[in-house]
Amino acid sequence: EPEVTQTPSHQVTQMGQEVILRCVPISNHLYFYWYRQILGQKVEFLVSFYNNEISEKSEIFDDQFSVERPDGSNFTLKIRSTKLEDSAMYFCASSEWRSNQPQHFGDGTRLSIL
Amino acid sequence: AQKITQTQPGMFVQEKEAVTLDCTYDTSDQSYGLFWYKQPSSGEMIFLIYQGSYDEQNATEGRYSLNFQKARKSANLVISASQLGDSAMYFCAIKSGGGADGLTFGKGTHLIIQP
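So the sequences go chain by chain: A and B. Each residue of the first sequence is one higher than the one before, starting from 33 at the first, in this note's numbering. Each residue of the second sequence is one higher than the one before, starting from -18 at the first, in this note's numbering.
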């Protein structure tokens, strides 16, 4: 069964450094998402991406964040200058074009900011 | 704004018993979808079941069923014949009708199945 893949599984970064989290969505999916989950808390929506542009973003997704689809398969989340509070699990998800289709999640990248 | 409320932070259930996980929601949208995800201790998010706001019948997927009561704005997950492997966090989520809209999650219920 096709799946969303995320790399790396764990990223440790010094505060103030840039970090790029990578995702390969399911190949025939058209909508892509990033979520984060701070340890012990609920999953929070960051941004959705469709047709090579951002469709929707939450208040969390400020100027420090950006997303890109650099080629036909990868979908990336960049955090420009990381802060301690960016430490979280980051999930990528993708879905088909129909709104009633589930979003399939990757296994996540655990980001630790030192 | 949409909101999901899960009032059971934790539940202990005996193996083979049925369990109901509560979820209430709030939305001003007429068209929306409700989802349940399972998060084992390993951390991944596994899709379980979906219910559309216009679906007349309750959704079922194997041992999972969704008790959808639209007037009460509730979408409870029922797991029949629970198994040890069902121990996990369970999240209810809502999404409006647009394809690119993000999911709004509840805080989750930590379910522990006891032998």
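Glycine residues also receive a C-beta, built at the ideal position from the N, C-alpha and C atoms.
* **Neighbourhood of A40 of chain B by C-beta, 8 Å cutoff - its chain only, sequence neighbours within 5 removed** => I30, Y31, Q32, S46, L47, F49
Classification of M26 of chain B by the beta-carbon crowding that lies within 10 angstroms, buried from 16 upward: buried
If you drop the 5 nearest sequence neighbours on each side, which residues of the same chain put their C-beta closer than 6 Å to that of I70 of chain A? A120
Can you pull the chain A neighbours of L58 of chain B, defined as C-beta to C-beta under 8 Å? None at all; the shortest Cβ gap to chain A is about 14 Å.
*Closer than 9 Å by beta-carbon distance: list the chain B residues that pair up with Y65 of chain A, in chain order.*
A81, G83, L84
Fill in: L71 of chain A, DSSP secondary structure in three states
coil
Check: At what residues does the beta strand (DSSP E) containing S144 of chain A begin and finish?
Finding: 141 to 145
| Given that P134 of chain A touches chain B, what residues does it touch there, using C-beta distances under 8 Å? | F16, F28, Y31
request  = Take every Cβ of the stretch 123 to 143 of chain A, pair it with every Cβ of the stretch 38 to 52 of chain A, and state whether three or more of those distances are shorter than 8 Å.
outcome  = yes
Helix, strand or coil at D103 of chain A [DSSP, three-state] | coil
Task: Beta-carbon neighbours of D139 of chain A, restricted to chain B and to distances below 9 Å - done: S23, G24, E25, M26
(Q) Mapping the DSSP letters down to three states, classify G33 of chain B as helix, strand or coil. (A) strand
**Request:** Out of B:Y35, B:T85, B:S23, B:S34, point me to the one whose CA is closest to D67 of chain B's CA.
**Result:** B:S23
message = Determine, for V44 of chain A, whether the minimum Cβ-Cβ distance to residues of chain B falls below 7 Å.
response = no
Pick out whichever of A:S80, A:E128, A:E117 has its Cα sitting closest to the Cα of T108 of chain A. A:S80
Would a C-beta distance cut-off of 7 Å place K110 of chain B and A69 of chain B closer than the cut-off? Missing from the structure shown is residue 110 of chain B; chain B here goes from -18 to 96 and no further.
Give me the chain A residues within the contact set of K88 of chain B, using Cβ-Cβ distance strictly less than 9 Å, ordered along the chain. Q73, K74
Handout entry: DSSP bridge partner residues for G83 of chain B (one or two, in chain order)
Key = According to DSSP, which records beta bridges pairwise, G83 of chain B is partnered with nothing at all.
(request) Can you pull the chain B residues whose beta carbon is under 7 Å from the beta carbon of N88 of chain A, in chain order? (result) The sequence given here has Glu at residue 88 of chain A, not Asn. Ordered by position in chain B, the residues that pass the 7 Å Cβ test against E88 of chain A are A81, D82, G83.
| message | Within 7 Å of any Cβ in chain B, is that where the Cβ of W82 of chain A sits? | response | For clarity, residue 82 of chain A is Tyr in the given sequence; the question names Trp instead. Closer than 7 Å: yes.
What residue does the beta strand (DSSP E) around H91 of chain B start on, and which one ends it?
90 to 95
task: Pull up the CB-CB distance for Y67 of chain A and E76 of chain A, whole angstroms please, since I reckon it's below 8 Å.
output: 6 Å
Reducing DSSP to helix, strand and coil, say where G(-9) of chain B ends up. strand
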